[in-house]
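Chemist: Mind looking over this structure? Questions follow.
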Amino acid sequence: MRTLCASTLIGEFFVIGFAGLVAMKSDGLSATTVWAVCGVGMLLSVLLCGMLSRPGGVQLGWALQIALVVSGFVVPMMFFLGAVFAGLWWASVHYGRKIDEAKARWAAQASAEPDAA
Numbered sequence: 225m226r227t228l229c230a231s232t233l234i235g236e237f238f239v240i241g242f243a244g245l246v247a248m249k250s251d252g253l254s255a256t257t258v259w260a261v262c263g264v265g266m267l268l269s270v271l272l273c274g275m276l277s278r279p280g281g282v283q284l285g286w287a288l289q290i291a292l293v294v295s296g297f298v299v300p301m302m303f304f305l306g307a308v309f310a311g312l313w314w315a316s317v318h319y320g321r322k323i324d325e326a327k328a329r330w331a332a333q334a335s336a337e338p339d340a341a
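The sequence shown begins at 225 in our numbering and counts up by one.
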């Protein structure tokens, strides 16, 4: 699960950065406002990659996703991106756990089989 969630967070980092560039050009927002929202989101996504293996890492990921949706009140484009990211986060957690369970099952089967040597 950790690999899938970290990949999602790194993807968010890049998309938020590009969205910040677009928001500065298309909206009437100042560069300071856009980068205050987008820069913090980018920084938190990278920092959270390193915290995924710690207790509460997935819950912090959910907090980040909610914060990204709420940041849409400052940069309206973030409503859409935040909702998409929350969906990706759910998929990463859900399918990541299924992958981890399957890997654990395969490892248990491999260790139960006698060696062919």
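For every residue, glycine included, the Cβ atom is placed at its ideal position computed from N, Cα and C.
Just mark Ile240 as buried or exposed, buried being the case when its beta carbon has 16 or more other beta carbons within 10 Å.
Modeler: Label assigned to Ile240: buried.
Chemist: What does the Cβ neighbour count give for Gln333, buried or exposed, with the cut at 16 atoms within 10 Å?
Modeler: The residue in question, Gln333, is exposed, as its Cβ has fewer than 16 Cβ neighbours within 10 Å.
Chemist: Report buried or exposed for Phe309, applying the criterion of at least 16 other Cβ atoms within 10 angstroms of its Cβ.
Modeler: Per the 10 Å Cβ criterion, buried.
Chemist: Going by beta carbon distance, what residues of the same chain come within less than 7 Å of Met232, once the five residues before and after it are set aside?
Modeler: With the sequence shown as reference, residue 232 is identified as Thr, and Met is not the correct amino acid for it. Taken in chain order, the residues that qualify are Leu312, Trp313, Ser316.
Chemist: Quick test of the definition: if touching needs 3 or more C-beta pairs under 8 Å, does the region 322-330 touch the region 279-292?
Modeler: With a cut-off of 8 Å, the region 279-292 and the region 322-330 do not count as touching, because too few Cβ pairs lie within range.
Chemist: With distances taken Cα to Cα, identify the nearest neighbour of Ala291 among Met248, Gly320, Ala328, Gly263.
Modeler: Nearest C-alpha to Ala291: Gly263.
Chemist: Can you list, in chain order, the residues of its chain whose CB lies under 7 Å from that of Cys273, leaving out five sequence neighbours each side?
Modeler: The answer, listed in chain order, is Ala230, Leu233, Ile234.
Chemist: Spatial neighbours of Leu253 within its chain, please: CB distance less than 7 Å, with the 5 preceding and 5 following residues excluded, ordered by chain position.
Modeler: Around Leu253: Ala247, Val299.
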